[in-house]
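Q: If you're matching them up, the sequences are chains A and B in order.
Numbering follows numbering that gives the first Met the number 0, in which position 216 of the first sequence is assigned residue number 215; successive positions increment by one, without gaps.
Numbering follows numbering that gives the first Met the number 0, in which position 223 of the second sequence is assigned residue number 222; successive positions increment by one, without gaps.
What follows is a structure written as structure tokens; I'll ask about it next.
2 protein chains.
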Amino acid sequence: MSTERGADPRARVGAAARQAEATKEAILQSVARIVSEEGADALTIDEVAKSAAVSKGGVLHHFPSKEALLLAAFAHNLDSFEDEVARLEREDPDTPGAYTRAYLRACVECFGPSRDDCLAFLHQFRSIPSTVRLVRSYKERWMHRVEQDGLNPAIANMVRYVGDGIWLASTAGETKPASFDEMVERLLRLAGAAESGGRQDTAGAAAMPKQGVQNDDLETDGR
Amino acid sequence: MSTERGADPRARVGAAARQAEATKEAILQSVARIVSEEGADALTIDEVAKSAAVSKGGVLHHFPSKEALLLAAFAHNLDSFEDEVARLEREDPDTPGAYTRAYLRACVECFGPSRDDCLAFLHQFRSIPSTVRLVRSYKERWMHRVEQDGLNPAIANMVRYVGDGIWLASTAGETKPASFDEMVERLLRLAGAAESGGRQDTAGAAAMPKQGVQNDDLETDGR
DNA sequence: TTGGACCGACCGACTGGACGGTTTGTTAGC
DNA sequence: GCTAACAAACCGTCCAGTCGGTCGGTCCAA
């Protein structure tokens, strides 16, 4: 879990600092809960404050604007998704396509109870440039990982699109169709057979660092 | 094209009525344009009115609320997508999977210039019940068509998820990855080979009528 | 055919509420 | 006592929806 938001230079400690960190976490969880249970339109700062048992000023203290709040929550969501993919990848033997299979399995989990974590931030894609950038960097990490995965990129892309489609369906309230499991099985088999185009060079693995919330343009803490 | 919005009982004629219909069409097109070019947040009634060269009162005259306007535009969008699928299906020999292949091809077109028509109405899914119902009826029509398609439902579902994923990627501003065409080819082949579970009975084809904008709960015209 | 009654299409100023953000205060840890 | 972590009242803007009104067709009786 990447709850520690990347080594703050002026690392603070103490009871107060820990309390503040807990408050931030509560705020982010409230955002996720509201969006998933009541829809994106219900996401107001006042509502977040009430849900997190903090005042409006408290929310604005940690996240200087609603945009910053959205961005942080979005990043938090993407991070935990990537953590989950990484966890699933570790459970799978190191054959070509391991990452892609883990990615698919993580997407499938969206239909379970953890669906509440799937934030419906789509509506912000176009209007918030920083969100667009965040999604782009997320996709670049994905491409980077796929490159090392030694799988036919056409298959990897297919899996990604299916994953996005599953996510979309789940946020729209759909339930699993009868043939769902068979479909997943088929895809896993596709991603399991080393169709490959030959393993690309694996040098520079993990060369692309995870960015998390740290964005150049939008500080999420203090001023 | 289903531009004729289902036989109005008290069928009016005359120049005024035609003008009114043209105005409604202009309003709906403005909604589509604004959402695709400026994002869902920029969609205000004032903006729609300005773009359609109509007054705010004029917009509200045809669509009694913003919700009704959104619903009508969404239905309009879904309708034209289904029209496109139907057109593509007619160009494909009548083998099992014809519908599914047409569906995929229609989704692929989202990456082209017609992407502007892909309304980003997702953000309304949860908050507007009538929209949820609309999407559900749309999916039921899809299921109905797939049933007649004589294809393995797992494949059909896979294609649908990929289509949704493509749509999602396009609204997020992504471009086609290098392996895109190969992926589509693979899927088309999957949907072309009659993996089947045997053709289901074809009786009652088109038994499920298209609903279009006519909803029980939300009139879009008059008062 | 014409004139008046009627109606739908459309206009635009106005209102009331919601909501993002600011400012000023208060408390507690270091 | 200085600063971070909040609280709470407050402000300004934006925006959906209302409402009184205008204008051009349409219809029908004389």
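The beta-carbon is built from N, C-alpha and C at its ideal position, and this holds for glycine as well.
Out of Gln18(A), Val34(A), Val145(A), which one is the CA nearest neighbour of leucine 69(A)?
A: The option with the nearest alpha carbon to leucine 69(A) is Val34(A).
Q: Methionine 142(A) and valine 161(B) - do their beta-carbons sit closer together than 8 Å?
A: no
Q: Answer yes or no: do alanine 97(A) and serine 178(B) have a C-beta to C-beta separation smaller than 8 Å?
A: no
Q: I need the DSSP call for serine 178(B), collapsed to helix, strand or coil.
A: coil
Q: Please confirm if the stretch 90-110 of chain A is in contact with the stretch 142-151 of chain A, defined as three or more CB-CB distances below 8 Å between the two stretches.
A: yes
Q: Would aspartate 163(B) pass as a contact of aspartate 163(A) if the rule is Cβ separation under 8 Å?
A: yes
Q: Report the rounded CA-to-CA distance for glutamate 184(A) versus glutamine 28(A), giving the unit in angstroms.
A: 33 Å
Q: State the Cα-Cα distance for the pair valine 53(A) and glutamate 20(A), rounded to the nearest angstrom.
A: 13 Å
Q: Going along the chain, which residues of its own chain have a beta-carbon closer than 7 Å to the beta-carbon of alanine 72(A), five neighbours each way excluded?
A: Leu27, Val30, Ala31, Leu118
Q: Can you tell which of Thr22(A), Glu88(A), Arg86(A), Val131(A) has its C-alpha closest to the C-alpha of serine 50(A)?
A: When C-alpha distances from serine 50(A) are compared across Thr22(A), Glu88(A), Arg86(A), Val131(A), the shortest belongs to Thr22(A).
Q: Is alanine 14(B) near the ligand ADP, going by C-beta to nearest heavy atom under 7 Å?
A: Summarising the ligand content, the structure contains no ligands, and the ligand ADP is consequently not present.
Q: Return the chain-ordered list of same chain residues with a C-beta closer than 8 Å to the C-beta of proline 112(A), the five sequence neighbours on each side being excluded.
A: Residue confidence for proline 112(A) is low, a pLDDT of 44 falling below 50, so the modelled location carries little weight; the figure read from the coordinates is stated next. Counting only Cβ-Cβ distances below 8 Å, and skipping sequence neighbours, we find nothing.
Q: Can a CB atom of chain A be found closer than 8 Å to the CB of proline 92(B)?
A: no
Q: How is alanine 51(A) classed by DSSP in three states: helix, strand or coil?
A: coil
Q: Over what stretch of residues does the alpha helix (DSSP H) that includes alanine 153(A) continue unbroken?
A: 152-170
Q: In or out: serine 169(A) buried (at least 16 other Cβ within 10 Å) or exposed?
A: buried
Q: Roughly how many whole angstroms lie between the Cα atoms of leucine 167(A) and lysine 65(A)?
A: 24 Å
Q: So the candidates are Val131(A), Thr130(A), Asp91(A); which of them puts its Cα closest to the Cα of leucine 187(A)?
A: Asp91(A)
Q: For the putative contact between aspartate 45(A) and lysine 55(A), defined by C-beta atoms under 8 Å, what is the C-beta separation to the nearest angstrom?
A: 6 Å
Q: Is the beta carbon of glutamate 83(B) closer than 8 Å to that of histidine 105(B)?
A: Note that residue 105(B) corresponds to alanine in the displayed sequence, not to histidine. Taking 8 Å as the Cβ cut-off, alanine 105(B) and glutamate 83(B) qualify as a contacting pair.
Q: Let me confirm a value: threonine 99(A) is counted as buried when at least 16 other C-beta atoms fall within 10 Å, else exposed. Which label applies?
A: Looking at its Cβ environment, which holds 16 or more other Cβ atoms inside 10 Å, threonine 99(A) is buried.
Q: Glutamate 36(B): buried (16+ other C-beta within 10 angstroms of its C-beta) or exposed?
A: Result: exposed.
Q: Compare the C-alpha of glycine 191(A) against each of Ala14(A), Ala155(A), Pro176(A) and name the closest.
A: Among Ala14(A), Ala155(A), Pro176(A), the Cα nearest to that of glycine 191(A) belongs to Ala155(A).
Q: Round the Cβ separation of glutamate 88(A) and alanine 101(A) to the nearest angstrom and send it over; I've been treating them as touching at under 8 Å.
A: 4 Å
Q: Taking DSSP as the reference, what is the three-state secondary structure of leucine 42(B)?
A: coil
Q: What's the gap between the Cα of glutamate 24(B) and the Cα of alanine 171(B)?
A: 26 Å
Q: At a CB-CB cut-off below 8 Å, which residues of chain A make contact with asparagine 156(B)?
A: Pro176, Ser178, Phe179, Met182
Q: Taking the straight line between their C-alpha atoms, what separation do you get for valine 145(A) and glycine 57(B)?
A: 52 Å
Q: Using a cut-off of 9 Å between C-beta atoms, extract the partners of proline 152(B) located in chain A.
A: Pro176, Ala177, Ser178, Glu181, Met182
Q: Between the C-alpha atoms of serine 79(A) and arginine 86(A), what's the straight-line distance to the nearest angstrom?
A: 10 Å
Q: Find the nearest neighbour of glutamate 108(A) within the set His60(A), His75(A), Asn76(A), Ile165(A), judged by alpha-carbon distance.
A: Ile165(A)
Q: Counting only Cβ pairs nearer than 9 Å, list the residues of chain A close to tyrosine 98(B).
A: In chain order: nothing, as chain A lies at least about 16 Å away.
Q: So is proline 128(A) buried or exposed if we call it buried at 16+ other beta carbons inside 10 Å?
A: exposed
Q: By the 10 Å Cβ neighbour count, where 16 or more other Cβ atoms means buried, how is arginine 198(B) classified, buried or exposed?
A: Confidence at arginine 198(B) is low in this model, with a pLDDT of 39, below 50, so the placement of that residue is unreliable and no value is reported for it.
Q: Residues of chain A with CB under 9 Å from glycine 191(B), in chain order?
A: What glycine 191(B) touches in chain A: nothing, since even the nearest Cβ is about 15 Å away.
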